[in-house]
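Data block below; observations after.
In the UniProt record's numbering, the protein residues as written are 1 to 227.
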């Protein structure tokens with residue numbers, strides 16, 4: 001089910017953009033925590049034919065003997081500029097640890113919360129994260145983790161949760177951190193200094209909105225009921 005990416009050329013300047021970002025400025029302790037996420041974090045890209053349309057980060061939330069489910073951003077499959085439509089013509093590729101790549105299958109999505117679940121077949125025993133229902137109620141040090149699709153390079157940047165600050169994006173339940181990421185980090189996990197999952201990152205030029213874990217926990221319960 002796996003294949004090494006020996007035919008696909010590097011995709012534009014995607015990796016260079018990430019290398020110049022604050023991802024490279026994380027402390028050694030943060031890099032260590034991020035490296036421990038290596039088997040949990042993946043990079044994804046959507047394609048129309050051979051044309052790459054979007055790339056982002058995701059994290060394993062469920063693993064079975066021969067399959068796994070990835071939490072990521074619905075921007076991966078959303079029609080650009082549309083709040084209510086996905087592009088049915090896209091196919092998804094997931095880049096795993098070691099550079100192995102496999103086709104992903106869209107399981108379900110919620111465009112209001114910008115959340116999607118992607119399934120892959122043939123990846124055994126991934127390191128899944130636990131999503132607790134406890135809300136984020138206090139300011140804390142956090143680390144945003146992202147992954148390059150072109151080169152499968154794990155990146156990390158430090159910041160703080162800003163309690164009480166409203167995101168500029170439409171969803172009112174989003175929280176905000178001071179982590180500075182690029183669009184490649186969309187869908188990636190935000191973790192605390194103990195490695196606990198805090199939320200899923202989105203992107204804005206001046207700040208980093210994230211969907212907090214309690215909202216994701218509730219959303220996943222609802223998605224499971226409707227499938």
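For each residue, glycine too, the CB sits at the ideal point set by N, CA and C. If you're wondering where the values come from, they're calculated on a predicted model, not measured in any experiment.
- DSSP places residue 31 within a helical segment (H, G or I) once states are collapsed to three.
- The beta carbons of residue 212 and residue 175 sit closer together than 7 angstroms.
- In the three-state reduction of the DSSP assignment, residue 87 falls in the coil class, being assigned neither a helical nor a strand state.
- Its chain contains 145 as the residues whose beta carbon lies nearer than 6 angstroms to that of residue 37, once the 5 sequence neighbours on both sides are disregarded; these appear in chain order.
- By the beta-carbon neighbour count (other beta carbons within 10 angstroms, threshold 16), residue 49 is exposed.
- No Cβ-Cβ contact shorter than 7 angstroms links residue 72 with residue 195.
- Between the alpha carbons of residue 139 and residue 153 lies a gap of roughly 29 angstroms.
- Annotation for residue 115: the continuous beta strand (DSSP E) segment containing it runs 115-121.
- Judged by beta-carbon spacing, residue 119 lies beyond the 7 angstroms limit of residue 178, meaning their Cβ atoms are not closer than that value.
- Here residue 149 is near residue 45, since their CB atoms are less than 7 angstroms apart.
- The Cβ atoms of residue 42 and residue 115 do not sit closer than 7 angstroms to each other.
- About 17 angstroms separates the CB atoms of residue 181 and residue 40; that is not less than 8 angstroms, and the two are not in contact.
- The beta carbons of residue 86 and residue 216 sit no closer together than 7 angstroms.
- For the beta strand (DSSP E) assignment, the uninterrupted runs of no fewer than 3 residues enclosed by the segment 92-171 are, from N- to C-terminal side, 100-110, 115-121, 141-147, 154-160.
- By DSSP's assignment, residue 57 forms a beta bridge with 43.
- Secondary structure at residue 199: strand, using DSSP grouped into helix, strand and coil.
- A Cβ-Cβ separation of about 4 angstroms places residue 63 in contact with residue 126 under the 8 angstroms criterion.
- Residue state for residue 214 is assigned as helix, using DSSP reduced to three classes.
- Proximity to residue 203 across 218, 173, 30, 169 peaks at 169, based on C-alpha coordinates.
- Rounded to whole angstroms, the Cβ separation of residue 121 and residue 34 is 27 angstroms, and the two are not in contact under 8 angstroms.
- Sequence-distant Cβ neighbours of residue 90 in its own chain, meaning closer than 7 angstroms and more than five residues away, are 46, 47, 48, 53, 77.
- Rounded to the nearest whole angstrom, the C-alpha separation of residue 108 and residue 74 is 9 angstroms.
- Membership of residue 75 in any beta strand (DSSP E) is not indicated, and neither H nor E is assigned to it by DSSP.
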